[in-house]
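**Student:** Take a look at this one; I'll ask things after.
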Amino acid sequence: MRVSLSTHGGLAAGLRLGRPPSTVDTSALTGAEAGELTRLVEAARTASAREGTAEGVGDTMSGDAMSYEVTVDTGIDRGGPVVLRQTDTSMTAEFAALLRWVQQHLPQAGA
Amino acid sequence: MRQDTTRQCIIPPHVLERLLESDDAAIRSAAMTTLLTTARLRGEREVRASLVRLAATGQGRRTVFDCRKSTSLPMCSLARSEDGPPSADLSVNQAFDGLGSTRQFYQDVLERNSIDDRGMRLDGYVHRGVKYNNAFWNGQVMVFGDGDGIIFTDFTASLDVIAHELTHGVTEHTAGLDYHNQSGALNESMSDVMGVLVKQWSLQQTADQADWLIGADIFTPGIGADALRSLKAPGQAYDNKLLGKDPQPAHMRDYVQLPDTDDGDNGGVHINSGIPSKAFYLTAVEIGGYAWEAAGRIWYESLRASTATTEFQAFADTTFSKAGELYGIDSAEQQAVQAGWDGVGITVTAEPTTMRGSAAPTGTDSVGDVLRHLAEMSASIDALRRDLQGQAVGGGRPAPPA
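Line by line, the protein sequences give chains A and B. Numbering follows this note's numbering, with no gaps: position 14 of the first sequence is 14. Numbering follows this note's numbering, with no gaps: position 377 of the second sequence is 377.
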C-alpha cells in the first residue's frame, strides 16, 4: 500500500506551488504501523461520508486555508486509489488524525 | 419622520425602481432612501433577536484561545481575554497584542470599527495543530500555527501576518473579493498591503524606511529567506535550494496563468498578488512620507468601492478615481497612483469599469449605485447572520467547523 499527501494553499502557498506529493511506502512499516494506518484510513473515509465532506469536495474559500489530499493506493482496490480531500476549515477529527499520522511518517515534512 | 418611513415602505419595489430613473434628483434621492430603509428593516427583522447579545460582546474585544496542538477549534481553551492579565505564553500575548495593534490601526487611521465596522469581536487561536506551517482566517476567527521549527517558527511572531489575516475579515465584510484568479489575488494583495501598513504604522516608518516584507519573522533563523513575500520586490523574497524561488511576478507581462484549483492556488491568488502589491509600493514611495496616510487611504476606499468580482484593471481605475476624489483631480497623489499602475503594466482609464458607491447616498447616484448599495447591505446582513449562527453553535463564542 502507498499513501501520498499533497498540500496546497495557505499563507505560504508560493512555497508549495508545483511540489510533488510526498509518499509513505507501507512496505517499510511494521505490521502494527500498517494496521494503524489502515484503521485511520477507514475511519477517515467513514467520517468523510458521514459528514458530507466527500472525496474531492473541500472548502478553500476562506483566506489562507490550506487543502490536503491523501491518496491511498492498496493496489488491489477495484475502484482504484482512494482519494480523501479536506481543508483547514472543514476537517473531520478522523481526517486530522490520518493527516497527522501521514505527516509524522513522511521522509520530509516540507512546508 | 417615522410616519414618512412607514409610508415609504409600502411602495412596491417596481415603482421605486421606476422612480430611481426620474429626472428629478429629489425624487431619485427619496426613492433610494426608501429602498435602503426597506432593506435595512428587512435585515433588522432577521437578526433583531440576536443583536442585543452581539452588541454586548462587540467593541472589537479580543479573546485568544490555546488549541494545545488540536485542530478542533471548539476544543481550544480560553487563554487571554480583553480584561484579563497577560499570559505566560508568548504566542498568546503576541496574538493578543497583534490583534490590538491592527484594531487600533483600522480605528485611528481608517476610522473602521473592527473587522465589520460594527465592533466585531477579534478571536485568535494559537498553537493550532502539530508543527502547523500556516495561519488563516476561517470566516469568523484567526488561527495561527507554531511552525515546524525547520522552516517556520511561530506564526504570531510577525505583526504583518496577524494584520494580514485580520484584513481577510475586512475584505470579506467590504468588497467580498472572490478567492479565485484576479479577484483572489487582489484579496491577497489587500491583506499584504494592510499587513505592511500596520507594521509601518506601529514602527512609525516612512515608505522609504520600511522593509515592505510579509512574514520576515516567521522563518527560522538561517533558513536563507528574507520573508514570504516582498511588496517592494515581488519574486525576490527567497531563492534557495530548500524553498525554491519566490514565484511572484511584479509586472503584468509576467502574470502567471494557473488553474483555478487547489493545486493551482485558486488561479494563483498568492502568486499574482505581487502585481497589485508592487503597484501599491510604487504609489506609496512616489507620494512619500507615511504610506498609510494617502496611499493606504486610497487603497482602502477602493476596496470599499469594489465588488466580489473586481479584477486588476477595475481596481486600478478605482484607485485612480478615489485618488481624484480624495486629493483632487491631477493631484500629486492621483499622478502617483497612475504611475504606480504604469509600473506594473496596467494603464488606468478615466472611469472605473466596476465600482460600487461607498459614500453616503445622494440624489445624483445612478441606479447601478443604488443596487450596489443594496448588494453591500445584503452582504453585510449575510455576514452578520453567519457570525450569529456561529456564536449560537459555540455557546457564546464562534464555533468554527474545524
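All residues carry an ideal CB built from backbone N, CA and C; glycine is no exception.
1. Verify the CB distance criterion: does S62 of chain A have a CB-CB separation below 8 Å to chain B?
2. Answer yes if the region 68-81 of chain A comes into contact with the region 104-120 of chain B, meaning at least three C-beta pairs across the two stretches below 8 Å, and no otherwise.
3. Between the region 82-105 of chain B and chain A, which residues of the former have a C-beta closer than 7 Å to a C-beta of the latter?
4. What first and last residue would you give for the beta strand (DSSP E) that runs through Y68 of chain A?
5. Can you name the residues of chain A whose CB is closer than 8 Å to the CB of L231 of chain B?
6. At what residues does the alpha helix (DSSP H) containing G328 of chain B begin and finish?
7. If we define contact as Cβ-Cβ less than 8 Å, is H8 of chain A a contact residue for chain B?
8. Let me see if you follow: with CB-CB separation under 8 Å, is L228 of chain B close to chain A or not?
9. Could you compute how far the alpha carbon of Y238 of chain B sits from the alpha carbon of S277 of chain B?
10. Just verifying my parser: in three-state terms, what is the DSSP assignment at H173 of chain B?
11. How far does the alpha helix (DSSP H) with F136 of chain B in it extend, from its first residue to its last?
12. Return no unless some Cβ of chain B is closer than 8 Å to the Cβ of A93 of chain A.
13. Compute the Euclidean distance between the alpha carbons of S87 of chain B and A65 of chain A, then round it to the nearest angstrom.
14. Using beta carbons (cut-off 8 Å, strictly below), is H105 of chain A in contact with chain B?
15. Comparing alpha-carbon positions, which option in A:A49, A:L106, A:G79, A:T7 lies nearest G18 of chain A?
16. Report yes or no: is there a C-beta of chain A within less than 8 Å of the C-beta of V198 of chain B?
17. Suppose the cutoff is 7 Å on Cβ atoms and the five residues either side in sequence are ignored; what does the same chain contact list for P234 of chain B look like?
18. Rounded to whole angstroms, what is the Cα-Cα separation between D25 of chain A and R78 of chain A?
19. Please list the partners that S191 of chain B has in chain A, where partner means a Cβ-to-Cβ separation under 7 Å.
20. Which whole-angstrom value is the C-beta distance of V198 of chain B and S101 of chain B, which I expect to be below 8 Å?
21. So is D83 of chain B buried or exposed if we call it buried at 16+ other beta carbons inside 10 Å?
22. From the DSSP output, which residues share a beta bridge with T23 of chain A?
**Tutor:** Quick answer:
1. yes
2. no
3. none
4. 66-73
5. Within chain A, no residue comes near L231 of chain B; the closest Cβ sits about 14 Å away, beyond 8 Å.
6. First-last for G328 of chain B: undefined, no H or E at that position.
7. yes
8. Using beta-carbon distances, L228 of chain B counts as an interface residue toward chain A, with a partner under 8 Å.
9. 17 Å
10. helix
11. It is not in any alpha helix (DSSP H) - F136 of chain B instead sits in the beta strand (DSSP E) that spans 135-137.
12. yes
13. 27 Å
14. Output row for H105 of chain A: interface = no.
15. It is A:T7.
16. no
17. Q248, P249, A250, G274, S277, K278
18. Cα to Cα, D25 of chain A sits roughly 20 Å from R78 of chain A.
19. G63
20. 6 Å
21. exposed
22. A:S4
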